[in-house]
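UniProt numbering applies: residue 1 is where the sequence shown begins, and numbers increase by one.
We put the CB at the ideal spot given by N, CA and C, even for glycine.
Written below as structure tokens is the structure these notes are about.
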Amino acid sequence: MASVYSTLTYWLVSHPKIANFTWTEGETLGSTFFFVFFVVSLYLSATFILRYAMVSLPSLGPRILKPITAVHSLILCLLSLIMAVGCTLSITSAPTTRLFHAICFPVDVKPKGPVFFWAQVFYLSKILEFGDTILIILSKSFQRLSFLHVYHHATVLIMCFIWLRTRQSMFPVGIVTNSTVHVIMYGYYFMCAVGCKPRWKRLVTDFQVVQFVFGFGILALMFSEHYFGSGCSGIWGSYFTGVFNASLLALFFNFRSKNYVKKTKPEVIKLS
Ligand SMILES: CC(C)(COP(=O)(O)OP(=O)(O)OC[C@H]1O[C@@H](n2cnc3c(N)ncnc32)[C@H](O)[C@@H]1OP(=O)(O)O)[C@@H](O)C(=O)NCCC(=O)NCCSC(=O)CC(=O)O
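Structure follows, in structure tokens:
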């Protein structure tokens with residue numbers, strides 16, 4: 001057990017590429033406002049154009065699409081697992097006095113080291129998640145191309161860029177919780193794609209809702225430390241995350257009530 005822990009810690013935290021990672025605006029891959037603007041615009045316009053082009057084009061068919069969808073979901077499931085473990089170890093293997101940094105970075109924090117490395121991987125993984133949208137469109141499951149889906153995929157990339165750009169406190173906890181939820185979510189999608197649709201779809205949605213509620217708890221802790229304690233880095237980024245979190249919570253409550261809450265039929269009053 002100890003050797004598994006030390007091997008994982010070496011490959012996911014202490015490896016020189018991770019330990020010496022520095023996020024530098026304009027130098028690190030995807031680290032400019034232009035990049036984010038370009039990628040998000042490309043995503044939105046490609047989604048819009050493909051969506052309408054596919055109306056008159058034939059669907060690729062499940063024999064081609066299902067294996068691609070399965071591989072895509074499996075890759076994201078495994079990548080999410082690696083990010084969840086990597087970021088957790090990066091937080092916990094730091095000296096105990098720095099554990100609180102997972103919630104509140106000092107105001108003069110430098111964007112380097114393992115936690116920032118995992119934030120960069122997490123940020124780039126959000127571009128890989130755009131594949132979900134392409135697969136939905138190619139399969140012509142247009143009812144699944146919801147506002148929630150497109151809004152989430154586009155805005156989450158902007159949020160991750162802001163995390164890095166503002167050295168935003170709290171993002172390590174965000175990476176661990178979201179990656180953990182995505183292990184379950186992409187596991188669910190993988191099983192759907194290989195033809196064994198799980199019965200625990202509702203549980204996936206509930207985990208997603210819990211992560212947003214939990215996010216508010218952490219946000220409150222961070223704000224209290226920022227305004228009544230020694231101060232935390234990236235406070236304006238935290239406001240963005242808070243608003244995004246609230247909008248997703250509202251959209252997921254709506255999704256939940258539409259998908260799982262049983263509709264009771266109005267009682268028929270018998271007139272005798
Ligand atoms: C249970 C959910 C995860 C998914 O709900 P859905 O209604 O979309 O689920 P569903 O049962 O229709 O999905 C099954 C279908 O998805 C296909 N499928 C498989 N892999 C996929 C992938 N990587 N992307 C998109 N679709 C995929 C399967 O082949 C199957 O098709 P077939 O039915 O033909 O066999 C839910 O909680 C949810 O998140 N709903 C919002 C919709 C959404 O886009 N979520 C992801 C981004 S939001 C997010 O990610 C928030 C977060 O950060 O936690």
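Taking residue i as part of the alpha helix (DSSP H), name the residues at either end of that continuous run.
| i | result |
| --- | --- |
| residue 331 | Past the boundaries of the shown model lies residue 331; the chain is included only from 1 to 272, so the question cannot be answered. |
| Phe-105 | No alpha helix (DSSP H) holds Phe-105; DSSP gives it neither H nor E. |
| Leu-79 | 62-92 |
| Glu-225 | 201-228 |
| Cys-192 | 171-193 |
| Thr-241 | 235-259 |
| Val-55 | 33-56 |
| Ser-125 | 114-128 |
| Leu-8 | 2-9 |
| Lys-262 | Counting along the chain, Lys-262 falls outside any alpha helix (DSSP H), and DSSP gives it neither H nor E. |
| Lys-17 | 16-19 |
Applying the criterion that 16 or more other CB atoms from any shown protein chain within 10 Å of the CB defines a buried residue, is residue i buried or exposed?
| i | result |
| --- | --- |
| Ala-119 | buried |
| Pro-172 | buried |
| Asn-245 | buried |
| Met-83 | buried |
| Met-1 | exposed |
| Ala-102 | buried |
| Lys-17 | exposed |
| Phe-116 | buried |
| Lys-262 | exposed |
| Tyr-52 | exposed |
Between residue i and residue j, which are expected to be in contact by the criterion C-beta below 8 angstroms, what is the C-beta distance as a whole number of angstroms?
| i | j | result |
| --- | --- | --- |
| Tyr-123 | Leu-164 | 6 angstroms |
| Thr-47 | Val-150 | 6 angstroms |
| Pro-114 | Thr-22 | In fact, because the Cβ distance is near 12 angstroms, the residues do not count as touching under 8 angstroms. |
| Gly-86 | Leu-12 | 4 angstroms |
| Ser-80 | Ala-193 | Between Ala-193 and Ser-80 the Cβ distance is about 16 angstroms, and since that is not below 8 angstroms, they are no contact. |
| Gln-168 | Ile-162 | 6 angstroms |
| Ser-238 | Met-170 | 6 angstroms |
| residue 274 | Phe-190 | In the structure as shown, the chain starts at 1 and stops at 272, and residue 274 therefore has no counterpart that could be examined. |
| Tyr-188 | Val-204 | 5 angstroms |
Determine whether the Cβ of residue i lies closer than 8 angstroms to any Cβ atom of chain D.
| i | result |
| --- | --- |
| Pro-198 | Among the chains of the structure shown, chain D does not appear; only one protein chain is present. |
Problem set entry | Contact between the stretch 225-232 and the stretch 105-122 (3+ Cβ pairs under 8 angstroms) | yes
For this session: Count the CB pairs spanning the stretch 51-63 and the stretch 80-99 that are closer than 8 angstroms, and state whether there are at least three.
Result: no
Problem set entry | At least 3 beta-carbon pairs within less than 8 angstroms: the stretch 185-199 vs the stretch 243-259 | no
Problem set entry | Stretch-stretch touch, CB-based, cutoff 8 angstroms, three pairs: the stretch 31-39 with the stretch 131-143 | no
Exercise. Taking three-plus beta-carbon pairs below 8 angstroms as touching, is the stretch 173-187 in contact with the stretch 138-152?
Worked result: no
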